[in-house]
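No gaps in the numbering here: position 4 of the sequence shown is 4 in UniProt numbering, and each next residue is one more. Okay, so here's the structure we're looking at.
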Amino acid sequence: MSSVPLVSRDPAIVQSVRAAWWFVVALAAVAASVWSFSNVQRVPPESQAVVMRFGRIVRIQRAGLLLAWPRPFEFVELLPGPARVLEQPITTLVRDPRARALDPSPSASTSPGDTTLPFNDMSSWGFHPDAATGTNGTPFPDALAGSGYVLTGNVAVVQLGATLYYRVSSPVDYVLQRGLLAPALERISTAAVEEAAAARDLDAILVGRPELLAADAQMAAQRERLRDDVARGVERRLRTLETMHAGLGIEVVRVDLTANVPSAAVDAFNSVLSSLQTAERNTADARTAAETTRQTAQQRADEIIQQATASATERTSTAQSETQTIQQLETALHADSDGGLLARAYRERIAQILSKAGHVTTIDPYDTSSLVLPGKAP
1 MSSVPLVSRD PAIVQSVRAA WWFVVALAAV AASVWSFSNV QRVPPESQAV
51 VMRFGRIVRI QRAGLLLAWP RPFEFVELLP GPARVLEQPI TTLVRDPRAR
101 ALDPSPSAST SPGDTTLPFN DMSSWGFHPD AATGTNGTPF PDALAGSGYV
151 LTGNVAVVQL GATLYYRVSS PVDYVLQRGL LAPALERIST AAVEEAAAAR
201 DLDAILVGRP ELLAADAQMA AQRERLRDDV ARGVERRLRT LETMHAGLGI
251 EVVRVDLTAN VPSAAVDAFN SVLSSLQTAE RNTADARTAA ETTRQTAQQR
301 ADEIIQQATA SATERTSTAQ SETQTIQQLE TALHADSDGG LLARAYRERI
351 AQILSKAGHV TTIDPYDTSS LVLPGKAP
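The structure is reproduced here in structure tokens:
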């Protein structure tokens, strides 16, 4: 009985096994090299890297070539650089689609020319009983029914959309809180917006009453400061978290806000605006008519005054002309400068008077024998 050798002594087989062995060794060496340099990477511009060794942050790497141990010894996480601005839309301030679907149409309750609303018809004021319940008849919670609305200081309602812009200031805190960053910013920004809105009236947020736009400069200044107040409110809350050793590792760059009135109140604002425009137009027409009447009356008064002045001047001149002889006579008599002036004046005037008579009878004033009696003409 012959025995079979355990290892073949065939040179071809031995060479094949040796080649396969060296191939496996080379492949393992290549894999080890690739694994050894797996964390050697390039940090892009406007980015930074956090190197964690066994879960502990050991260093921060700016843009450039990063040398780190392979995993699982060290982990590398890329973060935005300190100069890169990130954007976070605040979705909590957006009205819920389920509530928005049940909102009344802005122009469904009134016609374009109708500016009056029936008092007993609550649907015309934007309130619908069905809007508080879902499709299956279950009532909506208050948070859902009032979603997207912010209460102002004068108990008005406004819709404020906010977008927060920030940058990473502390990479360590940012990495530790990265999973909670979005919901934390939602709550912090919503609280800051609600606080800023509650501290001012509706006209200090948007132009609710255009008639006060030019008259109230303080409201316009408050509208300009609204975004700054919200940004400061967010920054103040971030600093509070840092004092509690729960900082988010970010700093606020700016906050963009968009303010709108609820859709159900658009018709009311449009009606008020139309009424104000109509009142201003009527006031302007009345002022124009009053000014026209005043100018006409002033012209008539000027004409009457001019006519009275001219008539008075003419009558004064006529009176002075007619009394000139008497004044001269009076002066001469008082001064006793011309004794025959009275006789000459009498003869001049009596001649003019007698020339207008048809028949003249003269009687000697010293002759008592003559008598003149009135009678009928022959």
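All C-beta atoms in this analysis are idealised placements derived from N, C-alpha and C, irrespective of residue type, glycine included. This structure is a prediction, so every number in the text was calculated from the model and none was measured.
If you follow the alpha helix (DSSP H) that TYR174 is part of, which residue opens it and which one closes it?
Secondary structure note for TYR174: its alpha helix (DSSP H) is the uninterrupted segment 171 to 176.
Going straight from the alpha carbon of GLY161 to that of GLN61, what length do you get?
Distance between GLY161 and GLN61, taken at the CA atoms: about 36 Å.
Along the chain, which unbroken stretches of the alpha helix (DSSP H) at least 4 residues long are found entirely within the segment 141 to 203?
The qualifying runs are 142 to 145, 171 to 176 and 181 to 198.
Please report whether the beta-carbon of GLN277 lies at a distance below 8 Å from any beta-carbon of chain D.
Although the question refers to chain D, the structure presented lacks it and comprises just one protein chain.
Going by beta-carbon coordinates alone, are ILE250 and VAL175 separated by less than 8 Å?
Going by C-beta atoms, ILE250 is not nearer than 8 Å to VAL175.
Spatial neighbours of GLN320 in its chain, beta-carbon cut-off 6 Å, leaving aside the 5 residues before and after
Closer than 6 Å at Cβ, skipping near neighbours: no residue.
Taking the alpha carbon of SER47 as the reference point, which residue from TRP35, THR152, ILE326 and PRO80 has its own alpha carbon closest?
Comparing Cα-Cα distances from SER47 to each of TRP35, THR152, ILE326 and PRO80, the minimum goes to PRO80.
Under 8 Å between C-beta atoms of VAL255 and VAL230
Taking 8 Å as the Cβ cut-off, VAL255 and VAL230 qualify as a contacting pair.
According to DSSP, what are the bridge partners of ASN260?
Assignment of beta-bridge partners to ASN260 by DSSP yields GLN159.
Short Cβ contact (8 Å threshold) for LEU257 with LEU226:
Yes, the pair counts as a contact, with Cβ atoms nearer than the cut-off.
Where SER275 falls: helix, strand or coil (DSSP):
In this structure, SER275 counts as helix in the three-state DSSP scheme.
Would you call the segment 28 to 39 and the segment 8 to 17 in contact, with 3 or more CB pairs under 8 Å?
Contact between the segment 28 to 39 and the segment 8 to 17 is absent: fewer than three C-beta pairs spanning the two stretches fall below 8 Å.
With respect to the beta strand (DSSP E) encompassing PRO89, which residues constitute its N-terminal and C-terminal limits?
From DSSP, the beta strand (DSSP E) with PRO89 extends over 86 to 89.
Could you say which of PRO97, GLY340, ALA259 and THR288 lies nearest to ARG223 if we only look at CA atoms?
In terms of CA proximity to ARG223, ALA259 leads the group PRO97, GLY340, ALA259 and THR288.
Spatial neighbours of LEU65 in its chain, beta-carbon cut-off 7 Å, leaving aside the 5 residues before and after
Closer than 7 Å at the Cβ level, and outside the excluded window around LEU65, lie ARG42.
GLN298 - partner residues in DSSP beta bridges:
GLN298 has no beta-bridge partner at all, per DSSP.
Please report the distance separating the alpha-carbon of ALA20 from that of SER33.
Answer to the nearest angstrom: the Cα atoms are 20 Å apart.
Using DSSP with H/G/I as helix, E/B as strand and the rest coil, what is GLY64?
Here GLY64 sits in strand by DSSP.
Under DSSP, the alpha helix (DSSP H) around ARG100 begins and ends at which residues?
Its alpha helix (DSSP H) spans residues 97 to 101.
Ordered along the chain, which non-local residues of its own chain (more than five positions away) have a Cβ less than 6 Å from that of ALA49?
Excluding residues within five positions, the ones whose Cβ falls inside 6 Å are VAL43, GLN61, LEU66, VAL76 and LEU78.
What is the residue span of the beta strand (DSSP E) that residue 389 lies within?
Outside the displayed range of the chain (1 to 378) lies residue 389, so it cannot be described from this structure.
Reference ARG349; option with closest CA among ARG281, LEU329 and THR361
The shortest C-alpha separation from ARG349 is found at LEU329.
Bridge partners for GLN41 per DSSP, in chain order?
GLN41 pairs with LEU66.
Are TYR165 and VAL253 touching if we call contact CB-CB under 8 Å?
Their beta carbons are under 8 Å apart, which means TYR165 touches VAL253 by this criterion.
Short of 6 Å in beta carbon distance, which residues of its chain neighbour ARG53, apart from the five on each side in sequence? Order them along the chain.
Excluding sequence neighbours, ARG53 sits near GLU74.
For PRO45 and ALA131, the rounded distance between their alpha carbons:
With a pLDDT of 46 at ALA131, under the threshold of 50, the modelled position of that residue is not reliable, and the figure given next carries that caveat. Each residue's Cα considered, the two are about 52 Å apart.
Only counting the same chain, and skipping five residues up and downstream in sequence, which positions put a Cβ closer than 6 Å to that of ALA68?
Contacts found: ASN39, VAL51, GLU74 and VAL76.
By Cβ distance below 6 Å, which residues in the same chain neighbour ASP142 in space, the five residues on each side in sequence not counted?
Close CB contacts of ASP142 within its chain, under the 6 Å cut and outside five residues either way in sequence, are absent.
Of the residues THR152, VAL172 and ARG178, the one placed nearest LEU206, counting alpha carbons only:
Minimum Cα-Cα distance from LEU206 among the listed residues THR152, VAL172 and ARG178 corresponds to THR152.
Where SER16 falls: helix, strand or coil (DSSP)
In the structure shown, SER16 sits in a helix (DSSP, three-state: H, G or I).
Grab the span of the beta strand (DSSP E) containing VAL94 for me, first residue to last.
Segment: none, VAL94 is in no beta strand (DSSP E) and carries neither H nor E.
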